[in-house]
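Heads up, the thing below is written out as structure tokens.
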Ligand SMILES: [Fe+2]
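In this note's numbering, the protein residues as written are 183 to 651.
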């Protein structure tokens, strides 16, 4: 609407520029202002001066309230707080602007088509939750509603169904909330102050403010559906991890089937590595990765001659090379597989590396070995030492931990060893819900002995630090 096309506007300008807008705005016609001066314009030309001034003041007050409400809505929509609170504040601003005693804000969801109450003010009693199911004809009518309407007995059924748990007759005027032509909700106003009817000006103000409320409702619905999709994806991922866990457990058992002495080794290494990760406060994903990597760390042993596993004495150089190659062969096997955990190939390759460069196959130093590899390597060593071998009896838990502490931090990561000691101590005092160690003879240690080992390790580390400074 331009000034030239509006005779009222022109006559008003001729009468007095100040009559319609403040002096500095007489040459501007922003749309928010253009929608409101209609009553003012007719008043300017038809009424006596005192009445004209009164009408102008009244209309400017309403205009001011609307602009005020608009300026309040911006911060409301972006405020970091619960949406229910934002919705209540927006509804309150709407209600005050149009002088409504009662107001309700609904969100719309399809499949099934339903209006659900988000916030309400002034109504005596609304059920929880308040819902209005919509038929396709209602959705179509509301989606096509470009400006607010006053409802009457003949139009209730056009826009709303009476199948909900609230009577449509409670609402005197409604505004459809639409974004991009799609219905996202509805503002419904009940009775006005003084029981008066909603006039064109109130409906225009309601229509203007509804655009902003629609955006806020739509944004909230989007973020909710995003959160819902995220949690569905996480659930799927968890079930996928569960599937992987089961499949890899079966793999772990198959890897160790070559000789009775290594039965259960990969399963235990997976469990110990996960336990150490938990003790170090790693998140669920990292712990799951450690468990799976532990299950698979010796997968290359499928290529090792099974007689080597049962040899009672030391391996000759070619046998040792064949055994040591299980790291490289395993790395080749898992590198071709897309695991949900990207570190598995390097864990399989490097689980026999040691911090002082004495390990194989690449002779890495501690700083080149990732933490997950250090943990699986330690879990592997720990299980190998407390298990029987063809050439020796199993070591006790105390003796094994003592040897590991002796070789830390030169060969083993001190944090990983502390995590191992913590889990063993939890077993010793009975605070582990699921025991860390297997329940078999010799696998126990007194809490003071673990404390002594932890103190020894701490002393070694702090002495090292003192020496360095
Ligand atoms: Fe190994």
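Ideal Cβ placement from N, Cα and C applies to all residues, glycine included.
Subject >> Supposed contact pair residue 280 and residue 297 - C-beta distance, whole angstroms, cut 8 Å >> reply: That belief does not hold up - the Cβ atoms of residue 297 and residue 280 are roughly 20 Å apart, past 8 Å.
Subject >> Segments of 4+ residues assigned as alpha helix (DSSP H) that fall wholly inside the stretch 288-340 >> reply: Within the stretch 288-340, the complete alpha helix (DSSP H) runs of at least 4 residues are 318-325.
Original post:
By how many angstroms is the C-alpha of residue 355 removed from the C-alpha of residue 423?
Top reply: 53 Å
**OP:** State yes or no: is the C-beta of residue 479 nearer than 7 Å to some heavy atom of ligand 1?
**Re:** yes
Original post:
According to DSSP, is residue 210 helix, strand or coil?
Top reply: In this prediction, residue 210 scores a pLDDT of 38, lower than 50, which makes its location untrustworthy; the coordinate-derived value is nonetheless stated afterwards. If DSSP states are grouped into helix, strand and coil, residue 210 belongs with coil.
Subject >> CA-to-CA distance, residue 619 to residue 478, given in whole angstroms >> reply: 20 Å
Original post:
Whose CA, out of 487, 445, 444, 471, lies closest to the CA of residue 455?
Top reply: 471
**OP:** Within 10 angstroms of the Cβ of residue 605, are there 16 or more other Cβ atoms? Answer buried if so, exposed if not.
**Re:** buried
Original post:
Under 8 Å between the Cβ atoms of residue 481 and residue 512?
Top reply: yes
**OP:** Measure the beta-carbon distance from residue 301 to residue 269 and round it to whole angstroms, keeping in mind my assumption that it falls under 8 Å.
**Re:** 4 Å
Original post:
What do you get for residue 592, buried or exposed, if any count of 16 or more other CB atoms within 10 angstroms of its CB means buried?
Top reply: exposed
Subject >> Delimiting residues of the beta strand (DSSP E) encompassing residue 559 >> reply: Residue 559 -> not in any beta strand (DSSP E); alpha helix (DSSP H) instead, spanning 553-568.
**OP:** Would you verify that the beta carbon of residue 482 is, or is not, closer than 8 Å to some beta carbon of chain B?
**Re:** Here chain B cannot be found, since the structure has a single protein chain.
**OP:** State the CB to CB distance for the pair residue 631 and residue 580, rounded to an integer number of angstroms; the pair is presumed to be in contact (CB under 8 Å).
**Re:** 5 Å
Original post:
Counting pairs of Cβ atoms below 8 Å between the stretch 382-393 and the stretch 344-352, do you hit three or more?
Top reply: no
Original post:
Any idea what DSSP makes of residue 356, helix, strand or coil?
Top reply: In the structure shown, residue 356 sits in a strand (DSSP, three-state: E or B).
Subject >> Nearest-angstrom Cβ-Cβ length linking residue 568 and residue 576, presumed shorter than 8 Å >> reply: 5 Å
**OP:** Consult DSSP for residue 418 and reduce its assignment to one of helix, strand or coil.
**Re:** When DSSP states are grouped into helix, strand and coil, residue 418 belongs to the helix group.
Original post:
Where does residue 631 sit, in a helix, a strand or coil, going by DSSP?
Top reply: Residue 631 falls in the helix class under three-state DSSP.
Original post:
Nearest to residue 552 by alpha carbon, out of 533, 541, 563?
Top reply: Selected option, being the one with the closest Cα: 533.
Original post:
To the nearest angstrom, how far is it from the Cα of residue 596 to the Cα of residue 402?
Top reply: Cα-Cα distance, rounded: 48 Å.
Original post:
If you check the beta carbons only, do residue 328 and residue 303 fall under 8 Å apart?
Top reply: no
Original post:
Are the stretch 451-465 and the stretch 493-509 in contact at 8 Å, needing three or more beta carbon pairs?
Top reply: Too few Cβ pairs lie closer than 8 Å, so no.
Original post:
So what does DSSP say about residue 538, is it helix, strand or coil?
Top reply: strand
Subject >> Nearest-angstrom Cα separation, counted from residue 282 out to residue 352 >> reply: 13 Å
Original post:
Beta carbon of residue 370, beta carbon of residue 288: below 8 Å?
Top reply: yes
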